[in-house]
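First the structure, in the form of structure tokens, and then the observations on it.
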Amino acid sequence: MFKGFRDFLLRGNVIDLAVAVVMGTAFTAVVTSFSSGLINPLLAVFGGTDELGLGFRLVSSKPATFVEIGPIISAILNFMIVAAVLYFVLIMPMRHLTNRFGTKKAAEPTETELLIEIRDLLAQRDAEVARHEADHRRVEAEVEADAAADKGADPEPPRR
């Protein structure tokens with residue numbers, strides 16, 4: 573039981589996945605601190621004189637009804653930054669390397685091509701069956717001809 577678990581953990585893709593999660597977490601922390609240190613203060617500039625920042629109150633007399641727009645914009649920017657870095661640092665280079673050095677898979681046959689192939693195989697099989705039946709009829713005809721020839725000839729007398 574433990575051997576199977578150890579083999580599972582030591583497979584390359586599990587270790588690569590663990591490294592990717594750790595790197596992603598660290599990168600997200602960097603982007604979040606960039607966002608809270610630079611983007612949030614810039615967004616607060618657009619907010620009113622209220623210390624709550626960019627947003628609005630649903631009920632003017634209740635501070636608990638303040639809808640913060642700054643964190644929403646900040647989260648969207650965080651997502652866009654992480655997505656852009658992943659695309660330009662990981663996806664584009666891997667696509668370039670795959671196109672340059674990777675093997676290209678053969679194109680999958682279309683449904684029409686598959687049906688044509690099946691039709692040809694069935695026709696080939698039918699031709700082989702017809703050839704075997706013709707051979708069988710020829711052999712039967714030869715056997716019948718030999719039997720008829722043997723009946724027409726005088727049988728040899730029994731030897732003593």
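Residue numbers (the working numbering): 573 to 732. For glycine and all other residues, C-beta sits at the position ideal for the given N, C-alpha and C.
Using the beta-carbon count (16 or more within 10 Å), is Leu615 buried or exposed? Counting the other Cβ atoms within 10 Å of the Cβ of Leu615 gives 16 or more, which makes it buried.
With 16 other Cβ atoms within 10 Å as the buried cut-off, status of Leu626: Classification of Leu626: buried, given that the 10 Å Cβ count is 16 or more.
Beta-carbon separation of Val654 and Thr600 under 8 Å? Result yes, Cβ atoms of Val654 and Thr600 sit closer than 8 Å.
What are the partner residues of Gly627, as DSSP defines its beta bridges? Its beta-bridge partners are Glu640.
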